[in-house]
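Worksheet for the structure shown next.
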Amino acid sequence: MAHCVVPEAEAILDREFKVLDKGFIRLVDYLGGDARIVQAARVSYGEGTKSYREDAGLIDYLMRHEHTSPFEQVALSFHVKLPIFVARQWIRHRTARVNEISGRYSIMKDEFYLPADADVAAQSEDNKQGRAEEPMEAAEAAKIRNLLDKGQRAAYEDYSSLVEEGLARELARINLPLSLYTEWYWQIDLHNLFRFLSLRLDPHAQKEIRLYARTMLEITRAVAPAATESFERNILHGVRFNGAEMAELKRRLGVAGKGAPTEATAGMAKAGNAVPGKAPEQGQEPLLKGKALERFEEKLRSGKQI
Ligand SMILES: Cc1cc2nc3c(=O)[nH]c(=O)nc-3n(C[C@H](O)[C@H](O)[C@H](O)COP(=O)(O)OP(=O)(O)OC[C@H]3O[C@@H](n4cnc5c(N)ncnc54)[C@H](O)[C@@H]3O)c2cc1C
Numbered sequence: 245m246a247h248c249v250v251p252e253a254e255a256i257l258d259r260e261f262k263v264l265d266k267g268f269i270r271l272v273d274y275l276g277g278d279a280r281i282v283q284a285a286r287v288s289y290g291e292g293t294k295s296y297r298e299d300a301g302l303i304d305y306l307m308r309h310e311h312t313s314p315f316e317q318v319a320l321s322f323h324v325k326l327p328i329f330v331a332r333q334w335i336r337h338r339t340a341r342v343n344e345i346s347g348r349y350s351i352m353k354d355e356f357y358l359p360a361d362a363d364v365a366a367q368s369e370d371n372k373q374g375r376a377e378e379p380m381e382a383a384e385a386a387k388i389r390n391l392l393d394k395g396q397r398a399a400y401e402d403y404s405s406l407v408e409e410g411l412a413r414e415l416a417r418i419n420l421p422l423s424l425y426t427e428w429y430w431q432i433d434l435h436n437l438f439r440f441l442s443l444r445l446d447p448h449a450q451k452e453i454r455l456y457a458r459t460m461l462e463i464t465r466a467v468a469p470a471a472t473e474s475f476e477r478n479i480l481h482g483v484r485f486n487g488a489e490m491a492e493l494k495r496r497l498g499v500a501g502k503g504a505p506t507e508a509t510a511g512m513a514k515a516g517n518a519v520p521g522k523a524p525e526q527g528q529e530p531l532l533k534g535k536a537l538e539r540f541e542e543k544l545r546s547g548k549q550i
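Oh and the sequence shown: position 173 is 417 in this note's numbering, straight run, nothing missing.
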């Protein structure tokens, strides 16, 4: 198979998917799809392409066992328009190839991100890096949006005047705010795209970049549906348990088996508590204590990595 053509991906090539108030993501091109992952993996095993079910099973096996290199054989190129503060978070993903609009060469457009009323929220009290879940009162949100808008207008007017006066564009731009939109071409292989998506779809990531990640997930699904489904099942919606947590999980489920002894579980038997790997007896205390127990319970409740 010389060239993979994926009809679902062909159908969305060049289409702009809107994100935020003025941003978008566009799939410019793609190389390979599920078939390419299977084809690359079967080089290792020396077998030809099988049925869709068997291929999806192989992809899932590769994902579960972190046999990642076949996923690197697939690449996606995106054209993204995004505010600079989102771009600063995004650019930390170093394995992509990027080409951004030059503010030294071009006149920057008068386009700024203004959060919708529902996205204007106070500083979160329990998360120093985030905002409260509840938006502010409508009147307060409108006041803040006006203030942001005023600052953006003033910054762009100054920028335009400086350019008109003949100041170099590379200097005229330096007072423009982080809410200004920029654009780039961003190309990445599927393995590293999944890494980007797992970090940026996480509720800990800022809402604005999460919205881009969500759109990108759907575009990725069009290119490689079986791989995307496997990523969602095994990584995005999966949770990791450490050794002590596994021991506690086994204790609760009454599953016997070899529990690797860990610092957290050592001495439990002596203290009369449950023993990892042995069915629990009535009235036994949990193996985990304090914050470790809280984190474990929260993982079970929310299904999120903590
Ligand atoms: C919710 C959230 C909050 C964050 N807060 C902050 C913050 O406050 N301050 C801050 O500075 N950053 C912050 N970051 C950025 C974060 O620390 C990472 O830089 C970013 O998520 C990119 O992750 P990465 O390095 O795994 O990704 P990539 O750069 O895409 O790399 C993928 C993987 O490739 C390997 N790799 C890539 N390049 C190299 C290299 N040169 N050397 C060795 N291994 C490499 C690593 O294994 C890496 O995990 C935050 C990220 C998130 C998701």
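Every residue, glycine too, gets a C-beta built ideally from N, C-alpha and C. Here the structure is a predicted model, which means the values were calculated and not measured.
For L320, the closest of K533, S546, V272, H337 by C-alpha to C-alpha distance is V272. About 13 Å separates the beta carbons of E452 and K325, which is beyond the 8 Å limit, so they are not a contact pair. One thing to note: A382 has its Cβ within 8 Å of the Cβ of D361. Counting only the Cα atoms, F356 lies some 8 Å from K266. In terms of Cα proximity to S295, the closest of I328, H309, A279 is A279. Per DSSP, the beta-bridge partners of N343 are Y429.
For G410, no beta strand (DSSP E) encloses it, and the DSSP letter there is neither H nor E.
For E260, the beta-bridge partners assigned by DSSP are R270. If you look at L443, you'll find it in the alpha helix (DSSP H) that goes 434-444.
In this structure, V250 sits near V467, with a CB-CB distance shorter than 8 Å. Per DSSP, K353 lies in no beta strand (DSSP E) segment and is marked neither H nor E. Taking the CA atoms as reference points, N419 sits about 7 Å from A399.
Counting other Cβ atoms within 10 Å of its Cβ, K262 stays below 16 and is therefore classed as exposed.
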